[in-house]
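*Asks:* Numbering (the numbering used here), first residue to last: 0 to 553. Every residue gets a Cβ at the ideal spot worked out from N, C-alpha and C, and that includes glycine. Just dropping this structure here.
And the structure:
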């Protein structure tokens with residue numbers, strides 16, 4: 000076929016139908032153009048990065064380094080300007096969608112209605128606590144607002160919008176404090192709330208319009224369990240289709256007539272089954288088996304524990320890994336395996352031996368991972384414990400976890416390590432700097448060290464802008480606590496990390512040097528945010544062995 004250019008105004012700072020860095024990373028907006036149902040028009044996003052500051056990333060492995068300049072909107076700074084257009088494929092006429100005069104907003108989630116008569120998009124304000132759904136006439140670009148949702152903290156964006164053939168649509172909102180499902184007409188009139196604070200809704204998987212069923216996932220038991228549910232479009236017939244406690248990963252057929260269920264739990268290896276849309280079991284498709292070779296490893300099943308948060312108000316979940324030759328009469332060093340970010344979750348009721356944590360355990364460590372206040376799946380109030388306070392609440396709960404587990408006689412409170420990557424790298428650094436009497440050894444990967452260094456969408460969602468929350472940013476900066484370092488800190492970073500820039504590590508190094516602190520550092524050439532060299536994992540293990548001194552049995 001012949002290639003035809005439908006737009007000709009693009010340049011290095013102006014992208015048509017191709018996203019920038021921050022929209023895919025933080026909004027999941029990888030698509031930037033959408034064909035109309037009749038294939039006669041294409042709606043597309045335009046990303047104007049000219050207001051966004053450029054940051055240098057140096058590829059420095061040859062005598063002639065290559066300089067890469069990245070448009071990266073840091074917290075409080077300028078974002079790209081987004082515009083929507085619709086092009087007629089045959090005439091090549093381009094119509095601009097009227098999105099309003101305000102450009103300091105996020106425009107995303109383009110979607111045609113089933114009949115192609117309107118193109119819809121969502122608009123989120125800069126503070127990210129007001130979201131609106133708009134519909135556009137594709138011939139004129141004229142836009143009308145369908146609905147508006149607000150939150151006192153922030154809106155969690157999703158992909159749940161479903162347009163139905165009958166001119167109605169499904170929308171999810173956390174306005175009640177829990178994610179719920181709502182049915183609207185195209186004028187924004189609420190027809191019915193389909194779920195009602197029974198549980199946190201996960202994702203809408205599909206709609207059986209013929210039989211008027213909405214299929215969705217939901218979470219129970221502090222978010223440990225994932226189940227499949229369905230409810231009628233009139234709000235009746237709410238049913239949990241999956242039976243056993245654990246994690247059910249569902250794949251729903253188009254139209255919802257069938258689904259597969261990939262199930263496991265703390266006690267049960269994965270089993271995949273086929274079901275009818277009403278939940279009736281049809282057949283087993285496959286299951287994991289425990290081989291003799293695996294049994295010969297004599298691994299101890301991870302232990303699920305529940306303990307109290309630092310404020311004593313919430314039950315928190317954790318998983319403990321022990322050596323295969325565990326002896327409760329011995330003292331073992333402890334390693335906290337962490338991530339720690341808001342809305343993150345690490346503990347699930349599923350069969351997961353976790354190779355990395357098990358490997359450390361077999362070297363003579365007790366390894367501990369937890370869910371802190373601020374993780375998802377437990378409602379908006381629980382999730383927003385960390386709002387405006389990154390580096391505070393999650394650290395307090397990890398300190399509480401260490402104090403809890405070190406009450407066990409076999410865990411040595413004087414030999415405590417911590418490691419993580421990205422946000423986990425940040426938590427590792429700030430743990431050694433703000434709680435130096437609790438954590439003695441840390442291995443940090445690609446850490447954010449000051450939230451003013453990170454991107455607008457993620458950072459401002461949870462911290463607002465630096466000018467709106469100066470106290471929160473100061474308390475969350477690693478550099479302000481560099482003088483407190485007493486233990487052993489090993490920092491790792493990719494030299495061309497375009498997500499968490501290496502400057503984060505450089506700034507922390509400078510602060511540590513000003514206070515004459517000893518630390519260890521490894522920079523990985525040509526590595527982005529994910530460090531792919533095997534040496535990274537090996538060095539972490541060696542560092543913990545050197546400084547925590549486990550008893551390694553031959």
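Select from 199, 525, 44 and 418 the residue whose C-alpha is nearest the C-alpha of residue 444.
*Replies:* The residue you call residue 444 lines up with position 445 of the chain shown. For residue 444, the nearest C-alpha among the options comes from 418.
*Asks:* Which residue wins for smallest C-alpha separation from residue 336, given the options 420, 38 and 381?
*Replies:* For this step, residue 336 is matched to residue 337 along the chain shown. Of the listed residues, the one whose Cα sits closest to residue 336 is 420.
*Asks:* What's the C-alpha gap between residue 544 and residue 25?
*Replies:* One-based indexing of the chain shown puts residue 544 at position 545. One-based indexing of the chain shown puts residue 25 at position 26. Their backbone Cα atoms lie some 36 Å apart in a straight line.
*Asks:* Given a threshold of 16 other Cβ atoms within 10 Å of its Cβ, counted over all protein chains shown, does residue 44 qualify as buried or as exposed?
*Replies:* Position 45 of the chain shown, counting from 1, holds the residue named residue 44. Looking at its Cβ environment, which holds 16 or more other Cβ atoms inside 10 Å, residue 44 is buried.
*Asks:* List the residues that DSSP assigns as beta-bridge partners of residue 387.
*Replies:* Counted from its first residue, the chain shown places residue 387 at position 388. Paired residues: none, contrary to the question.
*Asks:* Between which two residues does the beta strand (DSSP E) holding residue 143 run?
*Replies:* Within the chain shown, the letter at position 144 stands for residue 143. Note, residue 143: beta strand (DSSP E), 142–149.
*Asks:* Exposed or buried, residue 487, counting other C-beta atoms within 10 Å across all chains shown (16 or more means buried)?
*Replies:* Counted from its first residue, the chain shown places residue 487 at position 488. Counting Cβ neighbours within 10 Å, residue 487 comes out buried, since at least 16 surround it.
*Asks:* With DSSP as the reference, please indicate the residues paired to residue 94 in a beta bridge.
*Replies:* By one-based count along the chain shown, residue 94 stands at place 95. Answer is 85.
*Asks:* Helix, strand or coil for residue 332, going by three-state DSSP, please let me know.
*Replies:* If you number the chain shown from 1, residue 332 lands on position 333. In the structure shown, residue 332 sits in a strand (DSSP, three-state: E or B).
*Asks:* Hey, how far is the Cα of residue 314 from the Cα of residue 515?
*Replies:* As a working mapping, residue 314 is identified with position 315 in the chain shown. As a working mapping, residue 515 is identified with position 516 in the chain shown. Straight-line Cα distance between these residues: approximately 40 Å.
*Asks:* On the premise that residue 404 lies in contact with residue 410, defined as a C-beta separation below 8 Å, what is that separation, rounded to the nearest angstrom?
*Replies:* Translated into positions along the chain shown, residue 410 becomes position 411. Translated into positions along the chain shown, residue 404 becomes position 405. Yes, residue 410 and residue 404 are in contact; Cβ-Cβ is about 5 Å, under 8 Å.
*Asks:* Please classify residue 68 as buried or exposed, where buried requires at least 16 other C-beta atoms within 10 Å of its C-beta.
*Replies:* Numbered from its first residue, the chain shown carries residue 68 at position 69. Exposed, by the Cβ-count rule.
*Asks:* Between residue 228 and the rest of its own chain, which residues show a CB-CB distance below 6 Å, the 5 nearest in sequence each way excluded?
*Replies:* In the chain shown, counting from the first residue as 1, residue 228 sits at position 229. So the list reads 215, 217 and 239, once near-sequence residues are dropped.
*Asks:* Excluding the 5 residues flanking residue 520 on each side, which residues of the same chain have their C-beta closer than 6 Å to its C-beta?
*Replies:* Here the question's residue 520 lines up with position 521 in the chain shown. Contacts found: 490.
*Asks:* If we ignore side chains and look at the alpha-carbon of each, how far apart do residue 139 and residue 3 end up?
*Replies:* Reading the chain shown from its first residue, position 140 is the one you call residue 139. Reading the chain shown from its first residue, position 4 is the one you call residue 3. About 24 Å.
*Asks:* Taking the alpha carbon of residue 199 as the reference point, which residue from 187, 169 and 226 has its own alpha carbon closest?
*Replies:* If you number the chain shown from 1, residue 199 lands on position 200. For the residues 187, 169 and 226, the minimum Cα distance to residue 199 belongs to 226.
*Asks:* DSSP on residue 108, reduced to helix/strand/coil?
*Replies:* For the purposes of this step, residue 108 is identified with residue 109 of the chain shown, where counting begins at 1. In the structure shown, residue 108 sits in a strand (DSSP, three-state: E or B).
*Asks:* Residue 119 and residue 127 look like a contact to me (Cβ under 8 Å); what is the Cβ gap, rounded to whole Å?
*Replies:* Here residue 119 refers to the residue found at position 120 when the chain shown is read from its first residue. Here residue 127 refers to the residue found at position 128 when the chain shown is read from its first residue. So it is not a contact: roughly 19 Å between Cβ atoms.
*Asks:* In angstroms with no decimal places, state the Cα-to-Cα distance between residue 276 and residue 345.
*Replies:* As a position in the chain shown, residue 276 is number 277, starting the count at 1. As a position in the chain shown, residue 345 is number 346, starting the count at 1. Spanning the two alpha carbons is a distance of roughly 30 Å.
*Asks:* Okay, do the stretch 300–318 and the stretch 378–396 touch, 3+ Cβ pairs below 8 Å being the bar?
*Replies:* Touching, yes.
*Asks:* What first and last residue would you give for the alpha helix (DSSP H) that runs through residue 462?
*Replies:* For this step, residue 462 is matched to residue 463 along the chain shown. Residue 462 -> alpha helix (DSSP H) spans 455–462.
*Asks:* Give the C-beta separation of residue 305 and residue 255 to the nearest angstrom, bearing in mind that I take them to be a contact with Cβ-Cβ under 8 Å.
*Replies:* In the chain shown, counting from the first residue as 1, residue 305 sits at position 306. In the chain shown, counting from the first residue as 1, residue 255 sits at position 256. Incorrect: roughly 36 Å between the Cβ atoms, too far for contact.
*Asks:* Using the DSSP secondary-structure output, state which residues sit across from residue 337 in a beta bridge.
*Replies:* Looking up residue 337 in the chain shown gives position 338. Paired residue(s): none; residue 337 is not in a bridge.
*Asks:* Looking only at its own chain, which residues have a Cβ that is under 6 Å from the Cβ of residue 571, when we skip the five neighbours before and after it?
*Replies:* Here the chain has residues from 0 to 553 only, and residue 571 is not among them.
*Asks:* Helix, strand or coil for residue 401, going by three-state DSSP, please let me know.
*Replies:* In the chain shown, residue 401 corresponds to position 402, counting from 1. If DSSP states are grouped into helix, strand and coil, residue 401 belongs with the helices.
*Asks:* With a cut-off of 8 Å on the beta carbons, I'd call residue 246 and residue 349 a contact; round off their distance for me.
*Replies:* Here residue 246 refers to the residue found at position 247 when the chain shown is read from its first residue. Here residue 349 refers to the residue found at position 350 when the chain shown is read from its first residue. Right, their Cβ atoms sit about 4 Å apart.
*Asks:* Just grab the DSSP bridge partners of residue 521 for me.
*Replies:* Indexing the chain shown from 1 puts residue 521 at position 522. Its beta-bridge partners are 491.
*Asks:* I think residue 187 touches residue 160, with their Cβ atoms under 8 Å apart; what is that distance to the nearest whole Å?
*Replies:* Counting from one through the chain shown, the residue named residue 187 turns up at place 188. Counting from one through the chain shown, the residue named residue 160 turns up at place 161. Actually they are not in contact, since the Cβ atoms of residue 187 and residue 160 sit about 13 Å apart, beyond 8 Å.
*Asks:* Can you give me the Cβ contacts of residue 76 inside the same chain, cut-off strictly under 8 Å, excluding the 5 residues immediately before and after it?
*Replies:* Numbered from 1 along the chain shown, position 77 holds the residue referred to as residue 76. If we look at residue 76 and ignore the five residues flanking it on each side, its Cβ neighbours are 51, 52 and 455.
*Asks:* At the level of alpha carbons, what is the spacing between residue 83 and residue 136?
*Replies:* Reading the chain shown from its first residue, position 84 is the one you call residue 83. Reading the chain shown from its first residue, position 137 is the one you call residue 136. Roughly 12 Å between the two C-alpha positions.
*Asks:* Just list the residues that DSSP pairs residue 191 with in beta bridges.
*Replies:* Looking up residue 191 in the chain shown gives position 192. In DSSP, residue 191 forms a bridge with 182.
*Asks:* In the stretch 1–31, which residue ranges form an unbroken alpha helix (DSSP H) of at least 4 residues, counting only runs that do not cross its ends?
*Replies:* The stretch 1–31 contains these whole alpha helix (DSSP H) runs: 21–26.
*Asks:* Under 7 Å Cβ to Cβ from residue 224, same chain only, skipping five residues before and after it: list those, please.
*Replies:* Position 225 of the chain shown holds residue 224. Excluding positions up to five away in sequence, the list reads 218, 244, 245, 246 and 348.
*Asks:* To which residues of the same chain is residue 378 closer than 7 Å at the C-beta, ignoring the five residues directly before and after it?
*Replies:* Taking the chain shown and counting its residues from 1, the one referred to as residue 378 is at position 379. Excluding positions up to five away in sequence, the list reads 176, 177 and 199.
*Asks:* Hey, is the stretch 165–174 in contact with the stretch 147–154, meaning 3+ C-beta pairs nearer than 8 Å?
*Replies:* Because the criterion of three Cβ pairs below 8 Å is met, the stretch 165–174 and the stretch 147–154 touch.
*Asks:* Give the straight-line distance between the Cα atoms of residue 41 and residue 185, rounded to the nearest whole angstrom.
*Replies:* Taking the first residue of the chain shown as position 1, residue 41 is located at position 42. Taking the first residue of the chain shown as position 1, residue 185 is located at position 186. If I take the Cα positions, the gap works out to 22 Å.
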